[in-house]
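Protein chains in written order, with the numbering used here: chain A, -16 to 95; chain B, 37 to 150.
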């Protein structure tokens, strides 16, 4: 699905680093999402934005900080992460808060 | 609480054989339902969706799913599996009352043997 792009595709960072994940959607959607996908666990919703406003924070630790400057872009700022934060981070978008979600390819994050 | 169960962690079928992947949900509202597929190292691709109307829905790649309210199920089917269908499949459920929140099942890994 090329409608939602994510960069970088792979990221290795130390626990003291600060990095950001970027998501961009080219579908004209109004809602964007961050999910975490860990091995052998169901997909976990992290954050939801509707029309640039955060409408959901699913008890995510403050070392993850989202930013949504406009309806097309979504960032996830990372700092002082833990090894258990290593996972595939998926971005998704939907036309509105009830529609089907379209996913990006994900960023494979490894925290060392 | 809302939950989605995919009882089969792994399924292996022969190429050309039929396939059925099971999905059961527990929801306190009228659900809308999705099936997604994920190939290794990729994001999730939407296969099909059900919001209302005809309970048998057709999707991409020859897949279909049937919503059975009485059984709280939304099983995915394909009459003849191709080797390229090997991937992980996720069922997801949402409802108007819960806004954007989709609940995903744990996934079923499909292996296709030639």
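Glycine included, C-beta positions come from ideal geometry on N, C-alpha and C.
Assigned with DSSP and collapsed to three states, residue 76(A) falls in strand.
Contact annotation: residue 94(A) and residue 68(A) have beta-carbon atoms nearer than 9 Å. With a cut-off of 8 Å on Cβ pairs, the segment -1 to 19 of chain A is in contact with the segment 84 to 93 of chain A, counting three or more such pairs. With respect to chain A, the C-beta atom of residue 142(B) has a partner C-beta closer than 9 Å. Taking 9 Å as the threshold, the shortest C-beta distance from residue 104(B) to chain A does not fall below it.
Contact annotation for residue 73(A) against chain B: 79 and 80 [CB-CB distance below 8 Å, chain order].
In the three-state reduction of the DSSP assignment, residue 149(B) falls in the strand class, which pools E and B. Contact between residue 121(B) and residue 114(B) holds, with the beta-carbon distance rounding to 7 Å and staying under 8 Å.
Around the beta-carbon of residue 92(B), fewer than 16 other beta-carbon atoms lie within 10 Å, marking it exposed. In the structure shown, residue 134(B) falls within a helical segment according to DSSP collapsed to helix, strand and coil. Scanning its chain for C-beta atoms nearer than 6 Å, with the 5 sequence neighbours on each side dropped, one finds around residue 52(B) the residues 116, in chain order. The segment 26 to 58 of chain A contains, as complete beta strand (DSSP E) runs of 3+ residues, the segments 27 to 33, 36 to 40 and 47 to 53 (chain order).
Inter-residue distance for residue 87(B) and residue 76(B) is about 28 Å (C-alpha atoms, whole angstroms).
Under the criterion of beta carbons closer than 8 Å, residue -13(A) and residue 74(A) qualify as touching, at roughly 6 Å.
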